[in-house]
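These protein sequence lines are chains A and B, in that order.
Just so you know, the first sequence maps onto residues 64 to 553 in our numbering.
Just so you know, the second sequence maps onto residues 64 to 553 in our numbering.
2 protein chains.
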Amino acid sequence: MNENIFNSQIVYNLRMSYAIINSHIITMDGENLGIIENGGVGFRDNTIDYVGPISGFDYQSYEFIVEGKNQISMPGLINTHFHSSSTLLRGGAQDVPEIEWMNKAIGPLAQSLTTEDRILGSQIGVLEGIRSGTTTFAENTRDVDSIIDKSHLKFGSRVVAAETINEISSNRVNLHPRDLYEYDKEKGEGELKTCEALFNKYQGNELISCMYGPQALDMVSLDLLSTIYERAREQEAMIHMHVAQGGRERIQIEERYGSGASTVSVLNNNNMLNKRLLAAHIHDTTNEERKLMVQNDVKMASCQSSIAMIDGLVSPVSDYINMGGIAGLGTDQAPGPGNHNMIREMRTASLLAKVTSKDPTALPCWEALRLGTINGAAALGIDKEVGSLQIGKKADIIMIDMNRLNMIPFVTKPFRTFVPNLVYSANGSEVSNVFINGKQILSDGQFLDVDVEKLKEEALDRANIIFQQASEEWRIAGSKLVSMVENGFL
Amino acid sequence: MNENIFNSQIVYNLRMSYAIINSHIITMDGENLGIIENGGVGFRDNTIDYVGPISGFDYQSYEFIVEGKNQISMPGLINTHFHSSSTLLRGGAQDVPEIEWMNKAIGPLAQSLTTEDRILGSQIGVLEGIRSGTTTFAENTRDVDSIIDKSHLKFGSRVVAAETINEISSNRVNLHPRDLYEYDKEKGEGELKTCEALFNKYQGNELISCMYGPQALDMVSLDLLSTIYERAREQEAMIHMHVAQGGRERIQIEERYGSGASTVSVLNNNNMLNKRLLAAHIHDTTNEERKLMVQNDVKMASCQSSIAMIDGLVSPVSDYINMGGIAGLGTDQAPGPGNHNMIREMRTASLLAKVTSKDPTALPCWEALRLGTINGAAALGIDKEVGSLQIGKKADIIMIDMNRLNMIPFVTKPFRTFVPNLVYSANGSEVSNVFINGKQILSDGQFLDVDVEKLKEEALDRANIIFQQASEEWRIAGSKLVSMVENGFL
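Quick look at the structure:
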């Protein structure tokens, strides 16, 4: 693998000034979409210095002029819950019972992943994310700094990083779901230290901010979690945690905290529902619990495709925002949902909201766009920097080519049909240009400065080895997929 | 508009012999997927004459050799319910209550469509369908032959055409839902004649077959429908009808046939549930009614995205196939669902089946593939000709490029992850080559012999005029969208 990572100083020096002219701009500024027809966007270095009508735009004063006719310009998409490092296992686990997914399907395959495989997988996942319009990734993983240094910083993507903190002693494979995990205090404290070291390591890096990453309430003691909340307050940082995922978590919480206890009730009783918490998934919550979370300004990260595919459930994002909660969308990991395409996630959120409520007006396209942009940024606490196109904000900008068979036609009167077409018809391949922090990463659908073909080849080669190595264990684990393979369905 | 349509004799003369080598083949032959790794597919003129391992393949004897490394070869997708002619209204109606969709949202816009606009829209819809892998389209529309002659035959797509037959006298705009439609016998008989004339017109055309197209049970009398069933039996043809769409249909059926009557019960009482019926949608049916339909070998055409977006409901395809019914998928019309991408429909069917049943094993990827290919062909009664790759079948073949960031990696051991990746991660843009009836239509993602840019320009120009013309009426109709526009959300 190419260890030759970009020096971030060099990345910054590559930034220039750009003027995007004649595109339809969805600024996401204000309470609605802030649409400007045939407008201009300008940025110098990493900062937007013009958004408005083309008439008042001195675009000749910029180094590069990007023609935006028949294109949309908009803020880059925000992936609020992202595990890039398992992307080499894409296609490895789906169509199995929820109870089999972790232990019988993905588990045996994941055991063959090396550190380098996790980085290579991350590179593929980050690139596919950027290719389909994502500019900020909320990475939630172990050893997140190797992923940042060797994947994100190599490509120039914005990261909100949460290093996983998990207090469970290592051997837990043979535990019955009702057997309580044993906590290893020293391990938990060590992982907290690893997490905190990143706050220093990336201090001052324009592209990286850090969160605390306790894995889930059943995987850390209340003692450690209290410490984490305290530290987070001191650092003015957020806590990115999986919350109320059901299954084993529900059982563990009941066993540990008493019958009737739930993740949300335990968090609430310990004053842990507050503005610092970014809660991922929350599909195993009651309406009352979600109300409590919203009232306490807890943010939600919702992975619509992942929870539908792996659990057969709907992560209740529509409900959450209807109560006034702040939420964003995420892609979780590739195996299960299949990919890291945030345009697909916006559409999926709307589709699932409609059928869940039997109401075709539920989660309309403009709300889906807010989830994918400004509200996603707010969920990550970075909405003062990104998430909308406003003067003074960072230049995280994507352009969408509407001159495609599946996007044609689009009109502006009596209303802008390019808004629904973007959410309900685009497939992600229409993303033409991507700028992150003022630097152009994608140009006319092609990556600048990245040898994509080589990375894809490496990924293919490694995946063949990984899956081959895992074959026997995978077969012995005996998920539902094994018999389907024997019968020629896979 | 360019009226210069291909003479179909010329189209046929353009066919050659092709050998596709070294691709992974999903033949869909047999009870499972019939996968052949790194195999060969050969066809001469319009007929497949080799499908098998590369070792036994004399591919040098073909005129053109297509390298298929890192690609999937599979049967072209079958769109079993398709109204291409409203594609210029894409983005025109969604996120509105079901009751508003037809009359307040799409209706005022549709009034501005000319015959030429319907043809131009069809051209865009057919091309976007082919671009994302569809080779057969079950067109269901009025004046279907103008669509066939000036759109499908221009591009070389396979059509199963149903000319709309509707017996309702023309002025019905101000009817209350409980006011029974008045039938106009002469009109109905005239439309039946128009429909039947097509059987003669396209007799012997390799690409076109015909069905009868009664619009829905509330829109034709039982007398006329009986005649249609009789004629269909004589012609050995099928009947493509919207069945049990709820809303106004349910009310009309109750008013006409008595309280408690439903579309399915009336059809059953009149011996109209049989193998000749292709029933679209059926979301307003009970489980018992669906069982009855399956027992009587009624075929189902299910438009997952359309019914979810317009009605907020799930068209029960998973239930139907679980009972042993034959079903295919369709895209309906562009406004509402947004596009004509059958790869998206396969994924959507699986996703909605999983969340509806709260079971992640529901409608797995291999069943989604059957819906999109061989079972879709069976639903249209053309499975002896197309829907799988078998020697002697027509050469309707698509290739999918897996060497994409969102499809990488894929492996074959211990199982073929390219199967889930195709259904759950592809977005349609990966379709590289499309052959229909032995003729190459798409090559490396580019259309041969079609001036796509010109068509897109025309579509854009016309749409601007159509929407502009309709602006005032659209505003007066006062759908929910009107206020959203005023508030800057669209």
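The beta carbon of each residue, even a glycine, is placed where N, CA and C say it ideally should be.
Looking only at DSSP bridge pairs, what is residue i linked to?
i: B:N142; result: B:F200, B:L392
i: B:M304; result: B:A342
i: A:T227; result: A:G276
i: A:M470; result: Paired residues: none, contrary to the question.
i: B:G103; result: B:I84, B:G115
i: A:S365; result: A:L392
i: B:N496; result: B:M462
For residue i, which residues in the same chain have their Cβ closer than 7 angstroms to its Cβ, ignoring the five residues on either side in sequence?
i: B:A489; result: I406, I463, M470
i: A:L414; result: none
i: A:W537; result: P171, L172
i: A:S317; result: It should be pointed out that residue 317 of chain A corresponds to Glu in this sequence rather than to Ser. For A:E317, where only same-chain residues beyond five positions count, the Cβ hits under 7 angstroms are A324.
i: A:N65; result: Confidence is the limiting factor: at A:N65 the pLDDT is only 38, short of 50, which leaves the residue's position unreliable, though a coordinate-based value still follows. Excluding residues within five positions, none has a Cβ falling inside 7 angstroms.
i: A:I68; result: In this prediction, A:I68 has a pLDDT of 41, which is less than 50 and means its spatial position is unreliable; what the coordinates show is noted afterwards. Here the set comprises D212, K213, L216, K217.
i: A:V74; result: Because A:V74 sits at a pLDDT of 47, beneath the cut-off of 50, its placement in the model cannot be relied upon, and the following sentence gives the value as read from the coordinates. Closer than 7 angstroms at the Cβ level, and outside the excluded window around A:V74, lie G219, K502.
Considering only their Cβ atoms, is the gap separating residue j from residue i smaller than 8 angstroms?
i: B:H215; j: B:D395; result: no
i: A:G159; j: A:K543; result: Per the sequence presented here, residue 159 of chain A reads as Val, with Gly not at that position. Taking 8 angstroms as the Cβ cut-off, A:V159 and A:K543 qualify as a contacting pair.
i: B:N550; j: A:N385; result: no
i: B:L554; j: A:E191; result: In the structure as shown, chain B begins at 64 and stops at 553. Residue 554 of chain B is therefore absent and cannot be evaluated.
i: A:I128; j: A:L452; result: no
i: A:I84; j: A:T90; result: no
i: B:S185; j: B:S148; result: yes
i: A:Y275; j: A:A225; result: yes
i: A:C273; j: A:L261; result: yes
i: A:V327; j: A:T348; result: yes
i: A:N350; j: A:D382; result: yes
i: A:E408; j: A:L432; result: no
i: B:S195; j: B:G399; result: no
Suppose the cutoff is 6 angstroms on Cβ atoms and the five residues either side in sequence are ignored; what does the same chain contact list for residue i look like?
i: A:I445; result: none
i: A:L287; result: E230, G251
i: B:E126; result: M79, S80
i: B:I228; result: E254, L255, C258, G276, P277
i: B:C428; result: V482, P483, V486
i: B:K132; result: N85
i: A:I187; result: T150, A522
i: B:A642; result: The requested residue 642 of chain B is not part of the displayed model; chain B covers only 64 to 553.
To which residues of the same chain is residue i closer than 8 angstroms at the C-beta, ignoring the five residues directly before and after it?
i: B:V449; result: P138, G139, I141, T198, T199, R221, A440, K456, K457, D459
i: A:L511; result: Q503, I504, L505
i: A:N70; result: Model confidence at A:N70 stands at a pLDDT of 40, short of 50, so the residue's coordinates are unreliable; what they give is reported in the following sentence. For A:N70, where only same-chain residues beyond five positions count, there are no Cβ hits under 8 angstroms.
i: A:E163; result: S542, K543
i: A:G388; result: R353, M356, V357, V361, K362, M363
i: A:Q72; result: Because the pLDDT of A:Q72 is 41, which lies under 50, any placement of that residue in the model is unreliable, and the question is left without a value.
i: B:S284; result: E230, Y246, K248, G251
Which residue's Cα is closest to the Cα of residue i: the options?
i: B:Q298; options: B:N263, B:L523, B:F530; result: B:N263
i: B:N404; options: B:A416, B:S368, B:G323, B:T227; result: B:S368
i: A:I314; options: A:N331, A:V223, A:R241; result: A:R241
i: A:A397; options: A:A431, A:R194, A:L152; result: A:L152
i: A:D121; options: A:K132, A:E520, A:N133, A:F106; result: A:F106
i: A:N359; options: A:L243, A:N332, A:S175; result: A:N332
i: A:S495; options: A:K519, A:E351, A:Q134; result: A:Q134
i: B:I528; options: B:G119, B:Q174, B:R296; result: B:Q174
i: B:T573; options: A:V223, A:F552, A:S420, A:W429; result: Nothing about residue 573 of chain B can be read from this structure; chain B reaches only from 64 to 553.
i: B:L183; options: B:N350, B:I454, B:R296, B:E521; result: B:E521
i: B:E516; options: A:D507, A:M465, A:I111; result: A:M465
i: A:I499; options: A:H346, A:D108, A:M547, A:L341; result: A:D108
i: A:Y292; options: A:I302, A:N268, A:G491; result: A:I302
i: A:R319; options: A:I193, A:R296, A:Y244; result: A:Y244
i: A:F473; options: B:G154, B:L270, B:A300, B:C366; result: B:G154
Exercise. Below 8 angstroms between beta carbons is the criterion; list the residues of the stretch 137-158 of chain A that meet it against any residue of chain B, in chain order.
Key: L151, R153, G154, G155, Q157, D158
Quiz item: Between the stretch 371-382 of chain A and chain B, which residues of the former have a C-beta closer than 9 angstroms to a C-beta of the latter?
Solution: A371, M372, I373, D374, G375, L376, V377
Self-check item: Proximal residues, the stretch 487-505 of chain B versus chain A, C-beta separation under 9 angstroms
Solution: Y487, S488, A489, N490, G491, S492, E493
Quiz item: Mind listing which residues of the stretch 415-427 of chain B have their C-beta closer than 8 angstroms to chain A's C-betas, in chain order?
Solution: L415, K417, V418, T419, S420, K421, D422, P423, T424, A425, P427
Quiz prompt | Residues within the stretch 93-127 of chain A neighbouring chain B, beta-carbon criterion of under 9 angstroms | solution = G93, E94, N95, L96, G97, I98
Exercise. Give the residues from the stretch 351-367 of chain B that approach chain A closer than 8 angstroms (Cβ to any Cβ), ordered along the chain.
Key: none
Exercise. Determine which residues of the stretch 214-237 of chain A have a Cβ less than 9 angstroms from any Cβ of chain B, and write them out in chain order.
Key: none
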